[in-house]
Amino acid sequence: MPYEPGSIHYQKPDARSLIKAGYQPVDMHLHTRYSDGLIRIPDLLSYARRNRIGVAITDHNEIKGAVQAFRSQHDLLVIPGIELETREGPHILIYFDVAGDLEDFFHDLNREKRRQNPEVPHNLTVSECLTLAKEYSCLRIAAHPFGYFGINRGILKCVEKHMLPGVLENIDGIEVICGGMTGSLNQKAIRYAHRHPIPFTGGSDAHILSDVGSVLTGAPAETAEEFLAAIRKRKNIVCGKPGTFIRKGATAGVIAWSFVPYTCSLIGAHSAAYKHRIKHIVSRYSGTCKKNREVQMKEKDNSEKRRE
């Protein structure tokens, strides 16, 4: 099947044939050691050069890896990105033309989190994330849009459940092939993209280096800005397939293990915040009890004086 602009190919990608057809191949969804992956930035960049692909680093709620890669690359296309976790559950992939815009957005994101809850910042809602990103030149994509095994990790899954009213008006496109999803969920996303004239992307969702490049997005572009512009105009293609269940199992193990220190730090943050609250409540309660005892003693003294 020829690589026509706007086409989706559910097959193992061949980066060299994509390049020959005039498309720059980029894996648009992967995670490094800065979130829940095992991939080191230098190893990733070397791997990408050897395989002649570009990369979009989309760590969970973190940008250090994306910024480091963008500023250290010279002969490699790196698209700065982030995968946001939201309060309702869905994940959102957001891509930027340059790392500076990503840094500014991330600063605004964290400032809003702290404003809402200074002690233990929580994830923003889907609507809040999309509205905040709208102020930037970026591409907002619904990651694995139909979720994982029925879990509300995808925007279209929530829409099916009549959640998130009006969200489709603020999302730019969807991820049609995600290496972490099952075949049936990928096919469902592909059918949705065929029925709706919206931009689409694809990525491996790699957490280990060997999975990088298993799903590629191709576009006639040399820079991140040109690449994202081509996606907006549906001049790109997506090619790839999800990994085997063995690979998915290995990835699941990586994710589970990487969340141990994250969970411990989160519990520590919550414990510190609630310890402060509990101390405040106990202090107020103790003060109230002391005041009540003083009132009772005074009333007792007055009663004894009246009897005298």
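With our numbering, the residue at position 229 of the sequence shown is 1545, and numbering never jumps. No residue lacks a Cβ here, since even glycine has one placed at the ideal position from N, Cα and C. Note that the structure is predicted; figures quoted are calculated from it, not measured.
Nearest Cα to His1460 within the set Leu1472, Ser1453 and Tyr1452: Leu1472. Judged by their CB atoms, Glu1491 and Ile1457 are nearer to each other than the 7 Å cut-off. The way I'd put it, the region 1349-1358 doesn't touch the region 1328-1340; fewer than three beta-carbon pairs between them come closer than 8 Å. Distance from the CA atom of Pro1513 to the CA atom of Arg1427, rounded to whole angstroms, is 35 Å. With a cutoff of 7 Å on beta-carbon distance, Asp1391 and Thr1348 are scored as not near each other. Taking a contact as a CB-CB distance under 8 Å, the pair Gly1489 and Phe1462 does not count as one, their CB atoms being some 14 Å apart. For Arg1365, the secondary structure class from DSSP, reduced to helix, strand or coil, is helix. Secondary structure of His1407 (DSSP, three-state): strand. The alpha-carbon separation between Arg1511 and Ala1537 amounts to approximately 26 Å.
In terms of Cβ geometry, Gly1322 and Arg1550 form a close pair [threshold 7 Å]. Secondary structure note for Ala1458: its beta strand (DSSP E) is the uninterrupted segment Cys1454 to Ala1458.
The beta-carbon separation of Tyr1411 and Leu1455, rounded to 4 Å, stays under the 8 Å limit for a contact. In the three-state reduction of the DSSP assignment, His1376 falls in the strand class.
In this structure, Val1528 keeps its C-beta atom at 7 Å or more from the C-beta atom of Val1483.
Annotated three-state conformation of Ile1506 is helix, per DSSP.
Boundaries of the beta strand (DSSP E) harbouring Thr1533: Val1531 to Ala1535, taken from the DSSP string. Taken in chain order, the unbroken stretches of alpha helix (DSSP H) that lie wholly in the region 1411-1459 and span 4 residues or more are 1415-1432 and 1442-1449.
Burial state of Arg1431 is exposed, judged by a 10 Å Cβ sphere holding fewer than 16 other Cβ atoms. Proximity to His1523 across Gly1496, Met1479, Cys1445 and Leu1501 peaks at Gly1496, based on C-alpha coordinates. If you look at Ile1553, you'll find it in the beta strand (DSSP E) that goes Ile1553 to Gly1556.
In terms of Cα proximity to Pro1406, the closest of Gln1384, Asp1420 and Ile1487 is Ile1487. Bounds of any beta strand (DSSP E) do not take in Ile1547; it lies within the alpha helix (DSSP H) bounded by Ala1540 to Arg1548. Residue state for Glu1485 is assigned as helix, using DSSP reduced to three classes.
With contacts defined by Cβ atoms closer than 7 Å, Ala1540 and Asp1413 form a contacting pair. Residue Leu1418 holds the alpha-carbon nearest to the alpha-carbon of Leu1400 among Leu1418, Val1436 and Ile1553.
Annotated three-state conformation of Ala1331 is helix, per DSSP.
In terms of Cβ geometry, Ala1385 and Ile1373 form a close pair [threshold 7 Å].
Put simply, the backbone Cα of Cys1474 is about 18 Å away from that of Cys1494. Counting the other CB atoms within 10 Å of its CB gives Arg1366 a total below 16, which places it among the exposed residues. Phe1386 carries a helical assignment under DSSP once its states are collapsed to helix, strand and coil.
In its chain, beyond the 5 residues on either side, Phe1462 have a beta carbon closer than 8 Å to the beta carbon of Lys1504.
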